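FYI, the numbering for the sequence shown is 2 to 69, going by our numbering. Every residue gets a Cβ at the ideal spot worked out from N, C-alpha and C, and that includes glycine. Please read all numbers here as calculations on a predicted model, not as lab measurements. The structure appears below as structure tokens.
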Amino acid sequence: MIEFKLEGEYIPLIQLLKATNLVETGGHAQIVVTEGLVKYNGKVDTRKRLKVKSGDVVEFDNNKILVK
């Protein structure tokens with residue numbers, strides 16, 4: 002599990018995927034989100050501008066990110 006320390010109120014989902022090095026570019030992040038490959042708190046979510054906050058869990062490519 003990857004633990005990501007949030008600096009601020011939230012981080013957009015696409016930026017979180019880039020910041021944790023699970024994707025190389027913002028474009029790739031948009032594609033994987035749009036294709037339904039990302040789970041947000043256990044459910045598939047295709048919102049590219051989703052605001053991820055402390056306590057949320059994001060899953061992608063057999064990786065879990067816990068946002069703190």
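**Report entry** C-beta neighbour in chain B for K52, strict 8 Å
**Finding:** The chain labelled as chain B is not found in the depicted structure, where only one protein chain is given.
Requested in this report: Starting from the N-terminal side, write out each stretch of the beta strand (DSSP E) that is 3 residues or longer and does not extend beyond the stretch 14 to 61.
Outcome: 39 to 41 and 58 to 61
**Report entry** Straight-line Cα distance separating E4 from R48
**Finding:** 22 Å
Report task. Indicate whether V33 and V45 have their beta-carbon atoms separated by less than 8 Å. Result -> no
Requested in this report: Using 10 angstroms around the beta-carbon of L17, count the other beta-carbons present and answer buried if the total reaches 16, otherwise exposed.
Outcome: buried
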